[in-house]
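Protein chains in written order, with our numbering: chain A, 10 to 275; chain B, 16 to 263.
A virtual CB, placed ideally from N, CA and C, is assigned to each residue, including glycine.
Note that the structure is a prediction, hence the values are computed from the model and not measured.
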């Protein structure tokens, strides 16, 4: 029985990934519907993000007394990546409820609906990346083209990591409905606790570790470092890969136990 | 050859929210081990299906009849693969097309055309195949220009026509329908019957749950009477209907 459940759990992930047509379409359709009646469509995402970053950058740059040419790229890349991670997490709580019409009608692997959420948020992320362009040009940030492949690799890492944890949160969130509130308040707290608006160097030295061990900080570094013309540290990769391995194992164990029950919880 | 075989299927359906499915309860339970004894009666388990045995093969057009809450929809969901029962053996061979509820399937904000694309893909079609089938689906649905309007603007009959057209477009070997056929008007019913008959001609299986005895009489050649999650009768339509009417 256990062996069969393990096989079905792995099959769910495998078949889900293979049905990329479906989740790509579902993800794109979500974005389309959200901006169907607006003139500039998804570029509202870019615009509102730009306004937030440009005003916040000026204010906090002055408050923290950091050179704006360093602070602006740092803040912009940080907020954009944070938004990707945070919205993926908060939206994944309702992943199965949102896809209930498909789940109760046909037999698709559950991972499809998770991939739908992650895809959707990556599309928004790509729109948000545009806000970074003027900043990179105005402040003449030097980015070598060699960094591009690294950027894609890191994006893939975040995608996979996002998939694992979004899936875990989706399962727990479907079973226990209070999880949504917990996740929402936790992400708000972590936005302040994570070096997004502030830099770890601003902390007293004894608190340094507190920033370094924050998983969100390391995930943000995956994008922020290349986007501001630096290489991520080795520690960032070690951390990310252990996060990924942990996520996958937890997901597998959870899926093996609960996959066949998800339809009943909706 | 399409076939369906269920052996001793029992489906336990957990219902939450009767006394809440909150984390607090779980955490309280953890933190107060031994002090407060929460019995496990906090989730109610309903036996939706008990000991279901059935064997269907090509050519069977099965009508599923029974009072509300008899387990008809649960049984259809087991056949579709939505619910996986923990007890018993299930074997379904053949491509399954299902229409389990008309409002659930379609995305209200998406247009008819978008819904065709999405649902065909969810049913396992490739993009090129969908474009091939689109004119046929559009023709059967008979919605004309409405196909480019959002589905929320459709009447329930229009929604049903589109949903039925999509569900049968994949040319299923096994077609599973829940209650929905009754919503359409008589023109649609005729069209639907023709479509169902053409599926039958390809020697396949149709399972249809309905309260409407006329619909069952005109489509099915076999009947299953379900009550309280158990099969009470399997056999010819007339006998089955008589049995159902006479049963308390």
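Between the Cα of residue 86 of chain B and those of B/166, B/165, B/250, B/66, spot the shortest distance and give me the residue it belongs to.
Minimum Cα distance to residue 86 of chain B is reached at B/66.
Against residue 138 of chain B, what residues of chain A qualify as contacts under a CB-to-CB distance less than 8 Å, listed in chain order?
Those are 115, listed as they occur along chain A.
Beta-carbon separation of residue 132 of chain B and residue 113 of chain B under 9 Å?
Cβ atoms of residue 132 of chain B and residue 113 of chain B: not closer than 9 Å.
Determine the DSSP secondary structure at residue 162 of chain B, reduced to helix, strand or coil.
Of the three classes helix, strand and coil, the one that applies to residue 162 of chain B here is helix, per DSSP.
Going by C-alpha to C-alpha distance, which of B/31, B/200, B/189 sits closest to residue 170 of chain B?
Minimum Cα distance to residue 170 of chain B is reached at B/200.
Please list, in chain order, the chain A residues whose beta carbon lies closer than 7 Å to that of residue 179 of chain B.
In chain order: nothing, as chain A lies at least about 13 Å away.
Does the Cβ-Cβ distance between residue 65 of chain A and residue 211 of chain A come in under 9 Å?
Taking 9 Å as the Cβ cut-off, residue 65 of chain A and residue 211 of chain A do not qualify as a contacting pair.
Using C-beta distances below 8 Å, list every residue in its chain close to residue 226 of chain A, excluding the 5 sequence neighbours before and after it, in chain order.
If we look at residue 226 of chain A and ignore the five residues flanking it on each side, its Cβ neighbours are 203, 204, 209, 220.
When you check each C-beta in the stretch 93-112 of chain A against every C-beta of chain B, which residues fall closer than 8 Å?
Going along the stretch 93-112 of chain A in chain order, one finds 109, 110, 111, 112 with a Cβ nearer than 8 Å to chain B.
For residue 16 of chain B, count neighbouring C-beta atoms within 10 Å of its own C-beta (all shown protein chains included) and say buried if the count is 16 or more, exposed if not.
Exposed.
When the Cα of residue 64 of chain B is compared with those of B/90, B/74, B/182, B/248, which residue comes out closest?
Nearest C-alpha to residue 64 of chain B: B/90.
Under 7 Å Cβ-Cβ, which residues of chain A neighbour residue 96 of chain B?
Residues of chain A passing the Cβ test: 116.
Relative to chain B, which residues along the stretch 20-40 of chain A have a C-beta separation below 9 Å, given in chain order?
For the stretch 20-40 of chain A, which is checked against every Cβ of chain B, the residues closer than 9 Å are 28, 30, 31, 34, 35, 38.
Looking at residue 90 of chain A and residue 253 of chain A, is the spacing between their C-beta atoms short of 9 Å?
No, the Cβ-Cβ distance between residue 253 of chain A and residue 90 of chain A is not below 9 Å.
Inspect the CB distances between the stretch 162-175 of chain A and the stretch 75-86 of chain A and report whether three or more fall short of 8 Å.
No, the stretch 162-175 of chain A is not in contact with the stretch 75-86 of chain A.
Return the chain-ordered list of same chain residues with a C-beta closer than 7 Å to the C-beta of residue 153 of chain B, the five sequence neighbours on each side being excluded.
Correct list, in chain order: 162.
Which residues of the stretch 115-132 of chain B have a Cβ closer than 9 Å to any Cβ of chain A? Give them in chain order.
Answer set for the stretch 115-132 of chain B: 115, 116, 118, 119, 120, 121, 122, 124, 125, 129, 132.
For the stretch 136-163 of chain B, list every residue whose C-beta sits within 8 Å of some C-beta in chain A, in sequence order.
The stretch 136-163 of chain B vs chain A, Cβ under 8 Å: 136, 137, 138, 141, 142.
Count the other C-beta atoms from every protein chain shown that fall within 10 angstroms of the C-beta of residue 108 of chain A, then say buried if there are 16 or more, exposed otherwise.
Looking at its Cβ environment, which holds 16 or more other Cβ atoms inside 10 Å, residue 108 of chain A is buried.
Could you tell me if residue 36 of chain A is buried or exposed, where buried requires 16 or more neighbouring beta carbons within 10 angstroms of its beta carbon?
Buried, because 16 or more other Cβ atoms sit within 10 Å of the Cβ of residue 36 of chain A.
Under 7 Å between beta-carbons, which chain B residues line up against residue 42 of chain A? List them in chain order, please.
Those are 124, 125, listed as they occur along chain B.
Let's see if you can read the secondary structure: which residues bound the beta strand (DSSP E) around residue 76 of chain B?
Run containing residue 76 of chain B: 76-80, per the beta strand (DSSP E) assignment.
Which of helix, strand or coil does DSSP assign to residue 98 of chain A?
Helix, per DSSP.
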